[in-house]
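*Asks:* Just so we're on the same page, the numbering used here is the position in the sequence shown counted from 1, plus 284. Beta carbons: idealized from backbone N, C-alpha and C, even for Gly. First the structure, which I've put down as structure tokens, then a few questions once you've had a look.
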Amino acid sequence: MKENVLPENGELERTMLEKLAQDEVRSKIQGFAFAYRELMAYYRCAMMEVSTKFNVLSEELSLQYDRNPIETIKTRLKSPESTLEKLQRKRLPISMESIEENINDIAGVRVICSFPSDIYMLAEAFLRQDDIVLLERKDYIKEPKENGYRSLHLVVKTPIFLHNTKRMMKVEVQFRTISMDWWASLEHKIRYKKDVLISEEIDKELFLCAEISAGLDRRMEEIQQKVEACAALEAAAEEMKEIEKR
């Protein structure tokens, strides 16, 4: 029967130090994971706050007009992998403070609108709310990206109310028309296929599709304006008939 032999003093100390180091690393990892989950919960709350604001606007506008300028509202929380990759790419510290301070698009809300003019109307209505703080505005509709991408981006701070405190959290809000969102979604799927090098010819084709998409937005909005003008004329004519009857 083999006896249990205790390690010598030097080896015992080394074993204990290794065990302590492993426990310390494990404790740090667990602490970081908990802090990260807590921070992401705050970002989810911020997305809910912003989404609620747009749902309220949607309800109001659908009553005020005969159409709703908001088609859909989508939310997205940046994945841990994307967050880590962005920190590393920018050579930033990996910490909760670094995430909050340096990354603006952890929480994302996308508002899909009917027409380009709806985008600016909704953005201004949103920014007029006194608890929204605008940090950054990028208008890729008036000045599209080189690849043809169009969207209006706002980075804002919004308060979230916890059980014992209030926190200001960043949210990136993207406004797109249906056409802009369709193009951006398909362009991303095509461009980021694994192990496929996108040629200059395909780049040009994608850009041309973006231009066609923008042209369709303009034409559809012009048609909508004509329809609204006709409806206004008909309403005015009916009102005149009612006045004449009196």
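Taking C-alpha atoms, which residue in 388, 442, 420 and 380 lies nearest to residue 541?
*Replies:* Residue 541 lies beyond the residue range present for the chain, which begins at 285 and ends at 530; the question has no answer from this structure.
*Asks:* Give the DSSP-derived three-state secondary structure of residue 427 in the structure shown.
*Replies:* Position 143 of the sequence shown holds residue 427. If DSSP states are grouped into helix, strand and coil, residue 427 belongs with coil.
*Asks:* Which residue wins for smallest C-alpha separation from residue 424, given the options 440, 390 and 400?
*Replies:* Mapped onto the sequence shown, residue 424 falls at position 140. It is 400 whose Cα lies nearest to the Cα of residue 424.
*Asks:* To the nearest angstrom, how far is it from the Cα of residue 495 to the Cα of residue 529?
*Replies:* The residue you call residue 495 lines up with position 211 of the sequence shown. The residue you call residue 529 lines up with position 245 of the sequence shown. Approximately 52 Å, taken between the alpha carbons.
*Asks:* Would DSSP call residue 460 helix, strand or coil?
*Replies:* The sequence position of residue 460 within the sequence shown is 176, counting from 1. Strand, per DSSP.
*Asks:* Could you compute how far the alpha carbon of residue 512 sits from the alpha carbon of residue 343?
*Replies:* If you number the sequence shown from 1, residue 512 lands on position 228. If you number the sequence shown from 1, residue 343 lands on position 59. Distance between the alpha carbons of residue 512 and residue 343 is about 21 Å.
*Asks:* On the premise that residue 501 lies in contact with residue 396, defined as a C-beta separation below 8 Å, what is that separation, rounded to the nearest angstrom?
*Replies:* For the purposes of this step, residue 396 is taken as residue 112 along the sequence shown, with counting starting at 1. For the purposes of this step, residue 501 is taken as residue 217 along the sequence shown, with counting starting at 1. At roughly 12 Å, the Cβ-Cβ gap does not stay under 8 Å, so residue 396 and residue 501 are not in contact.
*Asks:* Quick check on this structure: which residue in 420, 430, 354 and 405 has the alpha carbon closest to the alpha carbon of residue 438?
*Replies:* Locating residue 438 in the sequence shown gives position 154, counting from the first residue. It is 420 whose Cα lies nearest to the Cα of residue 438.
*Asks:* Does the Cβ-Cβ distance between residue 360 and residue 458 come in under 7 Å?
*Replies:* Here residue 360 refers to the residue found at position 76 of the sequence shown. Here residue 458 refers to the residue found at position 174 of the sequence shown. Not a contact, by the Cβ cut-off of 7 Å.
*Asks:* Under the three-state reduction of DSSP, which class applies to residue 400: helix, strand or coil?
*Replies:* Taking the sequence shown and counting its residues from 1, one reaches residue 400 at position 116. Helix, per DSSP.
*Asks:* Would you check if the region 346-360 and the region 316-326 touch, i.e. whether three or more CB-CB distances between them fall below 8 Å?
*Replies:* Short answer: they don't touch.
*Asks:* What are the boundary residues of the alpha helix (DSSP H) that residue 364 is part of?
*Replies:* In the sequence shown, residue 364 corresponds to position 80, counting from 1. Note, residue 364: alpha helix (DSSP H), 364-373.
*Asks:* Would you decide whether residue 318 is buried or exposed? Buried here means 16 or more other CB atoms lie within 10 Å of its CB.
*Replies:* On the sequence shown, position 34 is the one that residue 318 refers to. It counts as exposed.
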